[in-house]
Amino acid sequence: MAGATTVLCRNRRLRNHEEFHQSVFFVVICCLSGCCWFSTVNTMAYGVNRKSCSSYEHCHSSPDGVHDLDCFWIWKSRMKCTWKSGRWSSRNAIYTFIHEQSRKLGPYRPNHQNTSNTFIDFVVYKADKLNACVIDASHIEMNCTMTTFSGIPQNLSRCHPRNNIDFKRYSRQLDITPSWEEAHVKDYVVRIREMGGKFWRMLQPVSKGVNSIAANLTSSKSYEIQVQCVTSDQCSQCPWSQIITVPPELTDNPTVNNLEVSPYEKGKRLIIIHWKLEGYHSADGYNVTVAKESREFQQVLFTSESSLRLLLSDSAYVISIVAFNQAGASPPVTTSVQTADDAGFFGTLNITFNGNMSFVVAWDIDLSPTYHCFSVDWWLMGEKPSWKSFYLKKGRHKEITLKAPLQPYKKYFFLLNARPDKNTCNLKHVNNSEATYGRTQQYALEGTPVSAPANITSLNATSSSLVVQWSPIAEEDLRGFLLGYRIYYSENKQENQSIVVQVGHTEHSHVLSGLKQQTVYMLRMSVFTAAGEGVQSDPVYFKTKPPDLSADRLAGLITVVLLFLCVPVFSRLFKRVKVVFWPSIPNPGNSNAVQKIDGAHSLDILESMGHGRLAHVKESNMSSLHIIEHEASPQPSCRSPLMAEEMAGPGAAEEEGQAASGDIESPAATPPSARPAQPCPGDYTTMELFQQMTTQSVLDGASPVGKPGGACHTKPDHDYIQQAICLSIMWYHESSDKVEISIL
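Numbers in the numbering used here are just positions in the sequence shown, counted from 1, shifted up by 953.
Structure (structure tokens):
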């Protein structure tokens, strides 16, 4: 036990001895450091050049030469002096800086330093007075310039504000927030004036860390501000900061000129948005925030242009644009890009509900080779979408568990997006980051409609039909997918015998036909979904019109007028057609009577007519020719006026002229009572009239053949019947080897 105590005491003595040596070593090091510092100061103080500032009294001070020497020190830094060069100074000017301090123990020797800069750092005693000067050595000795400074260093502590002063303009106010490195700066003050103004307006001093507010400013004007700290023991000098320009306030928000949405490829759209800002020269740029409407992800894009191109999926997006400058930002303008329709998707999306707390989303195309990350959005009409992203290496379906139950009788919209990024299923950027596979809509639970079509009216009612028109019911009242409409109508007194007509869901009017005239009908309507038929509307009464007699009367009147107009027109037309196709004096060769004469029957007629007169000729000498002369009085004309006009020609006119001049002999007049009246032949002479006419001609006698006054030679151009008789008689005698006889 005693040995152990001895060893412990010995160890303690050794430890104390080591600590003592360490303490001695530390003291020695400190002494050596102090000596080195003192040696450095003395080396600086006792330079080679012993000239002081008074040795350069021959150099004069001038603003055209070196001037404005200022010395100060900043917290936790060495003494610093700055000066300005004049127009006499050359670009390669070499300045001589001299500083000296007076101490109680004796003055420092002057320290000389040559530099081409306009500032210099050095070490001083803060309690001793400092004298410094700068000589411009770029001139000859007699033309040198000099600037001087004198002061106590401990009173030369300076607290400079940083140049990056924060400020913000809004509502005709300006918030100013300066910053200092010195922790002992307590208060500061700000002064402000209009751009180019002469007078500054001082603001009330405020504590560091609190914004200084300048109110009642003009939003469209620019301002200038300066900041300085309030002097204290630690900050004996508080100079004004540099003048900072504050641009005008952005009071107007940007205006969207055009938003173009066009298909780019399957599941993607090209969005081109253009906007403008009044007074755009005051804006340094624009911050464009592009966010999915589901708030899954948003990204802020910076642009200095007034347009932006984006490649987005078919989900709904919200785009917000803010203009900004150094003074602040403008009010935002917000526009939205709605979800696309079913065109341009990859395939069909199917939704199956497992109660009201989950659903299964399935697709029909295998996307695993390209896509492993997916996101499904679902929403109600007029509400923000909910979303769920998931990773799926293989398969075509995924069950989504919900945090809140689905609402029955309401239509949900579903949209599936596929993302090519395999590392994470969360979006990293919004532009060109996903493609939409498909979209569908589904009811978690369908019900029957709770309302009926409204505004039921009738149009174009007639005596047997009318058009029924109605307005569709609201989406929230359907409670399911609309399949069609049912129309119930019946006569007013037979409400239990309604006729039902079913109409498609896309129609909003229907024609009811086969109705009774001037009858009142009662009509009701309803809609139906997969869950059944909804309520019927209130009865609406319509009445068909009576028969439209005025139309029939008008049609009859028009018919009578047309008949009266057509009779004279067609009468004249008929006469002209008759003249062309059926002339008043037809060709004898085409006459039915002449054709019968030319036939065998004409010989019988001639035999019967001339048998009595020719009997004595047979008994007489057959070699002689007897001509019976007969003077016939001119017969009254039987021609109609129309026939007279048609038969009148150049020959007739010539005959009339000859008759007037007395060249043609007129036959002897015969009293009308000497012979019976001869029948007047018409356009087409019947056989009976022809027989009467020929018999009368035979009874009247004959004239000698060859005489100009004979019957066969009177008006050969017009007396077709007489010519035909003469020709027939001549043909008869030639065939029987008899003498030719001319019969009147």
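All residues carry an ideal CB built from backbone N, CA and C; glycine is no exception.
Helix, strand or coil at residue i according to DSSP, with G and I counted as helix
i	result
R1144	strand
K1528	helix
A1315	strand
G1433	coil
Y1704	Given a span of 954 to 1697 for the chain in the structure shown, any question on residue 1704 remains unanswerable.
P1106	helix
T1256	strand
E1428	helix
P1361	coil
V1019	coil
R1222	strand
I1166	strand
C1034	strand
R1044	coil
S1273	strand
N1096	helix
V1533	helix
S1418	coil
S1194	coil
S1328	strand
C-alpha distance - residue i paired with residue j, whole-angstrom precision
i	j	result
L1510	V1520	16 Å
Y1239	M1310	43 Å
P1192	W1026	13 Å
K1029	V1076	12 Å
M1155	D1081	36 Å
H1065	I1047	13 Å
F1343	G1487	40 Å
K1185	A1282	For the record, residue 1185 in the displayed sequence is Ser; it is not Lys. When rounded, the distance between both Cα atoms is 37 Å.
L1436	G1457	7 Å
A1293	Q1179	54 Å
C938	T1208	For residue 938 there is no data in the structure shown, the boundaries of the chain being 954 and 1697.
S1490	K1229	52 Å
N1041	P1114	Residue 1041 is actually Trp in this sequence, not Asn. Roughly 32 Å between the two C-alpha positions.
P1158	C1034	29 Å
D1140	S1260	45 Å
N1278	T1393	45 Å
N1211	I1224	10 Å
D1089	F1072	13 Å
A1280	V1286	19 Å
S1339	I1272	18 Å
T1472	N1445	8 Å
H1137	K1161	10 Å
N1045	C1097	15 Å
V1464	W1423	12 Å
Residue i classed as buried or exposed, judged by whether at least 16 other C-beta atoms fall within 10 angstroms
i	result
S1165	buried
L1515	exposed
P1500	exposed
K1245	buried
Y1494	exposed
R1056	exposed
F1534	exposed
H1453	Inspection of the sequence shows that residue 1453 is occupied by Val rather than by His. V1453 comes out exposed.
T1100	buried
S1257	exposed
P1201	buried
G1308	exposed
M1478	buried
D1317	exposed
A1568	Residue confidence is low: A1568 scores 45 on pLDDT, short of 50, so the model does not pin down where it sits. No coordinate-derived value is stated.
F1517	exposed
I1196	exposed
Option in the options with minimal Cα separation from residue i
i	options	result
E1231	S1247, T1204, S1008 and S1257	T1204
P1698	Y1123, K1498 and C1326	What the structure shows of the chain is the stretch from 954 to 1697, and residue 1698 is not part of that stretch, so it cannot be assessed.
P1216	T1256, L1265 and K1174	L1265
K1341	R1248, S1424 and S1132	R1248
L1109	Y1078, P1402, N1303 and A1407	Y1078
V1087	G1104, T1068 and V1243	T1068
P1373	C1006, A1167, S1328 and F1152	S1328
D1267	V1290, F1250 and I1274	V1290
K1347	L1368, S1321 and S1443	S1321
Subject >> Every unbroken alpha helix (DSSP H) inside the region 1484-1524 [4 residues or more] >> reply: none
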